[in-house]
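Q: One structure follows; several queries about it will come next.
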Amino acid sequence: MSTTNDPHGPGRYQPLGPDDRREMLDVVGVEGFEDLFASIPEGLRYGGELPVEEALSEPELLRHLEELASRNGPASGMLSFLGAGCSPHFVPTHVDALIQRQEFMTAYTPYQAEISQGTLQAIFEFQTLVSMLTGMEVCNASMYDGASAIAEAVLMARRLMRRGGRVLWSEGLHPAYREVAETYAKYLDIEFEVLPLDKSGRTLIPVVDDDVIALIVQQPNFFGVVEDLRSAGNVVADAPAKFIVAVTEPVAWGLTVPAGEVGADIVAGELQSFGNGQNYGGPLVGFMATRMEYVRNLPGRLSGQTVDAEGRRGFALTLATREQHIRRAKATSNICTNTALCALATCIHLSSLGRQGIRELALQNLSKATYARTRLAEVSGIEFPFDAPCFNEFVVRLPVPAGDVVDACAANGVVPGVPLGRFDEVRENELLVCVTEIHTRDDIERLAKVLAEACS
Amino acid sequence: MADYPEDYKYTKEHEWISVEGNEGTVGITYHAQAELGDVVYVELPAVGDHLEAGQPFGTIESVKAVSELYAPVSGEVTGVHKELLDQPELVNEDPHGAAWMVRVSMADSSEMEGLLSFSDYVSFLESAEGDH
Numbered sequence: 075m076s077t078t079n080d081p082h083g084p085g086r087y088q089p090l091g092p093d094d095r096r097e098m099l100d101v102v103g104v105e106g107f108e109d110l111f112a113s114i115p116e117g118l119r120y121g122g123e124l125p126v127e128e129a130l131s132e133p134e135l136l137r138h139l140e141e142l143a144s145r146n147g148p149a150s151g152m153l154s155f156l157g158a159g160c161s162p163h164f165v166p167t168h169v170d171a172l173i174q175r176q177e178f179m180t181a182y183t184p185y186q187a188e189i190s191q192g193t194l195q196a197i198f199e200f201q202t203l204v205s206m207l208t209g210m211e212v213c214n215a216s217m218y219d220g221a222s223a224i225a226e227a228v229l230m231a232r233r234l235m236r237r238g239g240r241v242l243w244s245e246g247l248h249p250a251y252r253e254v255a256e257t258y259a260k261y262l263d264i265e266f267e268v269l270p271l272d273k274s275g276r277t278l279i280p281v282v283d284d285d286v287i288a289l290i291v292q293q294p295n296f297f298g299v300v301e302d303l304r305s306a307g308n309v310v311a312d313a314p315a316k317f318i319v320a321v322t323e324p325v326a327w328g329l330t331v332p333a334g335e336v337g338a339d340i341v342a343g344e345l346q347s348f349g350n351g352q353n354y355g356g357p358l359v360g361f362m363a364t365r366m367e368y369v370r371n372l373p374g375r376l377s378g379q380t381v382d383a384e385g386r387r388g389f390a391l392t393l394a395t396r397e398q399h400i401r402r403a404k405a406t407s408n409i410c411t412n413t414a415l416c417a418l419a420t421c422i423h424l425s426s427l428g429r430q431g432i433r434e435l436a437l438q439n440l441s442k443a444t445y446a447r448t449r450l451a452e453v454s455g456i457e458f459p460f461d462a463p464c465f466n467e468f469v470v471r472l473p474v475p476a477g478d479v480v481d482a483c484a485a486n487g488v489v490p491g492v493p494l495g496r497f498d499e500v501r502e503n504e505l506l507v508c509v510t511e512i513h514t515r516d517d518i519e520r521l522a523k524v525l526a527e528a529c530s
Numbered sequence: 011m012a013d014y015p016e017d018y019k020y021t022k023e024h025e026w027i028s029v030e031g032n033e034g035t036v037g038i039t040y041h042a043q044a045e046l047g048d049v050v051y052v053e054l055p056a057v058g059d060h061l062e063a064g065q066p067f068g069t070i071e072s073v074k075a076v077s078e079l080y081a082p083v084s085g086e087v088t089g090v091h092k093e094l095l096d097q098p099e100l101v102n103e104d105p106h107g108a109a110w111m112v113r114v115s116m117a118d119s120s121e122m123e124g125l126l127s128f129s130d131y132v133s134f135l136e137s138a139e140g141d142h
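So the protein sequences, as listed, match chains A and B.
Okay, so the first sequence: first residue is 75 according to the numbering used here, each after it adds one.
Okay, so the second sequence: first residue is 11 according to the numbering used here, each after it adds one.
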């Protein structure tokens with residue numbers, strides 16, 4: 075191993091020079107760097123020069139990185155209809171301006187209430203807003219993302235039921251969420267069973283037997299279809315199982331019935347749509363909301379409102395005794411951070427939209443997606459596998475593999491959607507199209523045009 | 011020094027058990043609640059659940075910690091003190107009486123022989139304090 079192949083000499087990218095190294099080696103009491111590995115048998119040690127290119131100069135390095143970056147196709151430089159759990163929405167300028175205030179520049183947990191009142195209050199307001207929108211009694215301080223939130227919801231249902239068993243989940247639950255939850259539950263006494271969709275695109279809810287610990291339905295589902303949550307809630311109300319409602323597109327809350335009003339025990343998922351860009355697929359904003367009676371089994375943190383010694387309103391982390399820094403291996407969950415900065419962006423965007431703004435935003439999404447669907451229905455060769463009402467996403471079936479169509483369209487600056495063959499090979503010709511408030515009539519015309527060309 | 015009932019048996023995890031016939035009543039000791047501080051929540055099993063001696067049967071949460079409750083003996087839960095869910099402060103006020111937690115129908119009365127007597131427990135507390 076060599077540390078001297080830097081043409082500019084040591085110290086260019088490394089903070090230590092040869093004198094520093096010599097001094098450290100002397101303190102340790104060895105001749106050279108290699109002596110530090112003397113305990114590793116000679117035959118197991120790498121003897122040659124590492125096949126690493128010579129170090130670049132700073133301008134060369136910047137140029138190299140720019141070349142790498144230019145291979146990305148940022149959604150902002152294309153006309154994109156990609157959604158599938160990470161949707162294109164307008165983020166008002168004030169959101170980024172406010173979250174960049176230095177008082178907020180941390181993703182870490184404000185354990186010390188005495189120096190973190192601003193962050194704790196922002197988290198408290200986030201929890202309040204999400205509780206109101208979901209119709210639930212309590213929401214945590216956010217989680218990594220929707221996928222891990224659903225995995226944690228499965229574990230929470232198991233804690234509440236105090237046993238393992240079957241988890242019934244809809245085929246309309248995001249496939250990535252299912253994969254993450256299966257990974258979390260791999261060594262637990264949990265079996266997953268997929269509930270198929272009917273021809274309209276809604277989940278077929280069976281009778282929920284007593285061995286089932288949770289039923290999970292996503293609203294709107296992965297294919298954009300608005301589920302009949304009330305019926306699902308009624309079915310599970312007669313069973314011991316917990317009813318979990320998953321969310322990937324919370325903008326729909328502006329128009330749909332809150333899950334808390336149809337019997338949800340846990341609502342969990344993703345809030346990226348409010349205040350956060352698509353960011354190459356992350357970071358995202360997971361959340362979990364539940365009933366007050368289950369609060370001690372809720373993973374993650376909670377900011378609570380209280381009063382200080384002088385009776386003034388203040389905020390502090392609450393129920394922290396259940397967390398891993400105190401309870402170690404017996405903690406409710408081992409989630410060790412919330413995505414506070416992303417959650418703050420969500421909180422700011424929601425606050426500025428207000429009750430009426432959220433409804434208007436949802437209406438715009440619904441109207442534009444409905445228009446796009448109507449417009450695409452005129453394109454010969456395009457079919458719609460599901461006929462139930464959708465929110466801002468829908469599936470189109472093409473006469474050719476959707477992945478090839480996306481490649482061809484992307485070369486012309488349009489990404490028409492997510493090819494579903496990625497998740498399920500029987501859906502090779504299907505494309506999931508997401509249309510939101512950012513798309514104009516001209517954008518939708520362009521989408522229709524490129525898809526018509528691809529289908530002809 | 012608290013008043014530890016002489017006819018109770020105790021565990022090193024600071025639970026007590028008082029026995030009548032084949033039924034034991036279980037709670038935590040004065041020492042345990044004093045170490046925990048203000049108790050804010052108690053999570054108890056359901057009637058019909060099976061307890062295993064030495065294994066956790068519930069949790070107790072104070073303003074500064076959450077701890078397991080350990081079963082002194084094995085057997086089936088025949089009663090659960092549900093009032094503690096609404097009045098967890100009883101654990102601080104009357105740990106050896108009003109704040110009983112579960113009643114259990116003992117599966118093996120010989121397990122009682124492995125528990126600490128009043129005098130064993132008191133000297134255990136004294137020696138433990140000596141360690142600090």
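No residue lacks a Cβ here, since even glycine has one placed at the ideal position from N, Cα and C.
Since we're looking at a predicted model, the values are computed, not measured.
Where do the N-terminal and C-terminal ends of the alpha helix (DSSP H) with R304 of chain A fall, by residue?
A: L303 to A311
Q: Listed from N- to C-terminal order along the chain, which residues in the segment 41-52 of chain B have their beta-carbon within a distance smaller than 9 angstroms of any beta-carbon of chain A?
A: V50 and Y51
Q: Does any residue of chain B have a CB that is nearer than 8 angstroms to the CB of I287 of chain A?
A: no
Q: For L393 of chain A, collect the residues of the same chain with a Cβ closer than 6 angstroms to its Cβ; drop the 5 residues on either side in sequence, then sort them by chain order.
A: L376
Q: Determine the burial state of Q430 of chain A: buried for a count of at least 16 other Cβ atoms within 10 Å of its Cβ, exposed for fewer.
A: So Q430 of chain A ends up on the exposed side.
Q: Between the segment 386-403 of chain A and the segment 248-259 of chain A, are three or more C-beta pairs nearer than 8 angstroms?
A: no
Q: Is the segment 208-226 of chain A in contact with the segment 269-276 of chain A, if contact means three or more CB pairs nearer than 8 angstroms?
A: no
Q: Verify the CB distance criterion: does R370 of chain A have a CB-CB separation below 8 angstroms to chain B?
A: yes
Q: Distance, Cα to Cα, A451 of chain A vs G298 of chain A?
A: 16 angstroms
Q: For the structure I just gave you, are there three or more beta carbon pairs, one from the segment 470-480 of chain A and one from the segment 323-341 of chain A, closer than 8 angstroms?
A: Cβ pair count under 8 angstroms is below three, so no.
Q: Enumerate in chain order the residues of its own chain whose CB-to-CB distance from Q379 of chain A is below 7 angstroms, with the five nearest sequence positions on each side excluded.
A: F198, R387 and F389
Q: Would V524 of chain A pass as a contact of P475 of chain A if the rule is Cβ separation under 8 angstroms?
A: no
Q: Among the residues of its own chain, which have a CB less than 8 angstroms from the CB of L278 of chain A, if the five just before and after it don't count?
A: Hits under 8 angstroms: L269, P270, L271 and D272.
Q: For the alpha helix (DSSP H) containing C483 of chain A, list its first residue and its last residue.
A: A476 to A484
Q: What would DSSP say about C508 of chain A, mapped onto helix, strand or coil?
A: strand
Q: My output table needs one value for V165 of chain A: the three-state DSSP class, helix, strand or coil.
A: coil
Q: As a quick exercise: from B:S77, B:G124 and B:Y20, pick the residue whose alpha carbon is nearest that of R402 of chain A.
A: B:S77
Q: Counting only beta-carbon separations shorter than 8 angstroms, does K74 of chain B have a partner in chain A?
A: yes
Q: For A522 of chain A, which residues in the same chain have their Cβ closer than 7 angstroms to its Cβ, ignoring the five residues on either side in sequence?
A: Closer than 7 angstroms at the Cβ level, and outside the excluded window around A522 of chain A, lie R449, L450 and V453.
Q: With DSSP collapsed to three states, give me the class of H82 of chain A.
A: Model confidence at H82 of chain A stands at a pLDDT of 47, short of 50, so the residue's coordinates are unreliable and nothing is read from them.
Q: Give the straight-line distance between the Cα atoms of V479 of chain A and L505 of chain A, rounded to the nearest whole angstrom.
A: 9 angstroms
Q: Would you list the residues sitting across from T277 of chain A in a DSSP beta bridge?
A: A:L271
Q: Using the C-alpha atoms, what's the distance from V341 of chain A back to I518 of chain A?
A: Taking C-alpha positions only, I518 of chain A is separated from V341 of chain A by approximately 33 angstroms.
Q: What first and last residue would you give for the alpha helix (DSSP H) that runs through R365 of chain A?
A: Note, R365 of chain A: premise wrong, no alpha helix (DSSP H); not H, not E.
Q: Determine the extent of the alpha helix (DSSP H) in which I224 of chain A is found, giving its start and end residues.
A: Start and end: G220 to M235.
Q: Any idea if Q186 of chain A is buried or exposed, counting beta-carbon neighbours within 10 angstroms, 16 or more meaning buried?
A: exposed
Q: Does the distance from the C-beta atom of T510 of chain A to that of K442 of chain A stay below 8 angstroms?
A: yes
Q: Would R401 of chain A pass as an interface residue toward chain B - the criterion being a Cβ-Cβ separation below 8 angstroms?
A: yes
Q: Using a beta-carbon distance cut-off of less than 7 angstroms, what residues from the segment 222-254 of chain A approach chain E?
A: Protein chains in the displayed structure are A and B, and chain E is not among them.
Q: How about E71 of chain B: is its C-beta nearer than 8 angstroms to some C-beta of chain A?
A: For E71 of chain B, the answer is yes, since a Cβ of chain A falls inside 8 angstroms of its Cβ.
Q: Taking only beta-carbon atoms, is R396 of chain A less than 8 angstroms away from chain B?
A: Cβ-Cβ to chain B under 8 angstroms: yes for R396 of chain A.
Q: Under three-state DSSP, which class holds L358 of chain A?
A: When secondary structure is reduced to three states using DSSP, L358 of chain A falls in the coil class, being assigned neither helix nor strand.
Q: Report the option in A:R276, A:R501, A:T395 and A:M230 whose CA atom is closest to the CA atom of F317 of chain A.
A: A:M230
Q: Thinking F128 of chain B and Y40 of chain B are a contact (beta carbons under 8 angstroms), I'd like their distance in whole angstroms, please.
A: Not quite, the Cβ-Cβ distance comes to about 13 angstroms (not below 8 angstroms), so this is no contact.
Q: May I ask which residues mark the beginning and end of the alpha helix (DSSP H) holding S244 of chain A?
A: Per DSSP, S244 of chain A belongs to no alpha helix (DSSP H); it is in the beta strand (DSSP E), G239 to S244.
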